[in-house]
Amino acid sequence: MTTLQDNLQAVQSRIAAACLACGRNPGEVTLLAVSKTFGADAVQEVASCGQQDFGENYIQEGVDKITFLQSSSHTKTPLIWHCIGPIQSNKTKYVAEFFSWAHTVDRLKIAQRLNDQRPANLPPLSVCLQVNIDGGATKSGVAPEEVLELAKQVAQLPRLTLRGLMTIPDPVEGFEAQVAPHTKARALFDEVRDELNLPHFDTLSMGMTSDLEAAIHAGSTMVRVGTAIFGGRL
Ligand SMILES: *Cc1c(COP(=O)(O)O)cnc(C)c1O
């Protein structure tokens, strides 16, 4: 067995154990393999173990991998690509054309551009609103008190499907400290879901290599894991 296979299985076991510990069904948590900085060959190897969802931060790098892997039958099942990095206005076209998901929508202008640029032959782009859940001044993400209003507006856009919220809390040590911002995100998610009653609002994208257990404990439905699968980035 190769290292990537081992790593993937270890992460799947961590997810299963975290779900078991808090009485959740592991089927409620999707693993997003974050392949940024790693090559198409590594993606292919992880995909051959059955992993379907992959996340990229840098849009051009993501587009290159996506087009390469789509170009012939490099993978058995089609992969689902998620943009999890910052989206500048001049990059929305590439996100709209090549990705299935965008997790980092934090203003209406970007949502409108993604909507306008989503090709007619593709299903609507799934989007999450990125929330600056712990209030870091330099971080991207909409402020928690502005999420509901932005969600209402994004939900009107016909070529987007509003799927949920995404957060990247600052790294902290200790389970309880990690759980705190995730619990705040969960409460906000529940509030938006109950208020807007949208048919596909089902995704809380939070938790990474170092805090996925805490995120699952708080209610994450999608963990984004890079290092624990692909190894350390240079
Ligand atoms: C890099 C990255 C991840 C994965 O982080 P790891 O700690 O390597 O698991 C998850 N989400 C986002 C937004 C990232 O940029």
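Using the numbering used here, read the sequence shown as starting at 790 and increasing by one per residue.
Beta carbons: idealized from backbone N, C-alpha and C, even for Gly.
It should be emphasised that the depicted structure is a prediction, and the values quoted were computed from it without experimental measurement.
Rounded distance between the beta-carbons of residue j and residue i, thought under 8 Å
i       : j       : result
GLY924  : THR893  : Between THR893 and GLY924 the Cβ distance is about 17 Å, and since that is not below 8 Å, they are no contact.
GLN877  : ASP895  : Not a contact, Cβ separation roughly 12 Å.
ALA807  : ILE1018 : Wrong, their Cβ atoms sit about 16 Å apart, outside the cutoff.
ALA1007 : VAL968  : 5 Å
ARG952  : VAL916  : 6 Å
LEU858  : ALA885  : 19 Å between Cβ atoms; not a contact.
GLN840  : LEU797  : 6 Å
Ligand 3 heavy atom lying under 7 Å from the CB of residue i
i      : result
VAL800 : With respect to small molecules bound, the structure shown includes ligand 1 and not ligand 3.
Between the CA atoms of residue j and residue i - distance to the nearest angstrom
i       : j       : result
TRP870  : THR826  : 15 Å
ILE855  : GLU834  : 14 Å
LEU987  : LEU820  : 23 Å
LYS928  : VAL936  : 15 Å
THR972  : GLU965  : 10 Å
THR864  : GLU934  : 42 Å
PRO947  : LEU868  : 24 Å
LEU903  : LEU897  : 10 Å
CYS811  : ALA1003 : 10 Å
THR956  : ILE922  : 6 Å
THR1010 : ASP842  : 13 Å
PRO970  : PHE887  : 31 Å
ASP959  : CYS838  : 31 Å
For residue i, the residue or residues it bridges with in DSSP
i      : result
ASP842 : ILE869
ALA822 : PHE843 and VAL1014
THR998 : The partner list for THR998 (beta bridge, DSSP) is empty, contrary to what the question assumes.
THR992 : GLY953
Cutoff 8 Å: residue i Cβ touching any chain D Cβ
i      : result
ASP959 : This model lacks chain D altogether, as it is built from one protein chain only.
Within the region 859–942, note down every full beta strand (DSSP E) run reaching 3 residues or more, in order along the chain. Fully enclosed beta strand (DSSP E) runs of 3 or longer: 869–872, 890–894 and 914–920.
Which ranges would you report for the beta strand (DSSP E) in the region 941–977 if only whole runs of at least 3 residues count? Unbroken beta strand (DSSP E) runs of no fewer than 3 residues, entirely contained in the region 941–977, are found at 949–956, following chain order.
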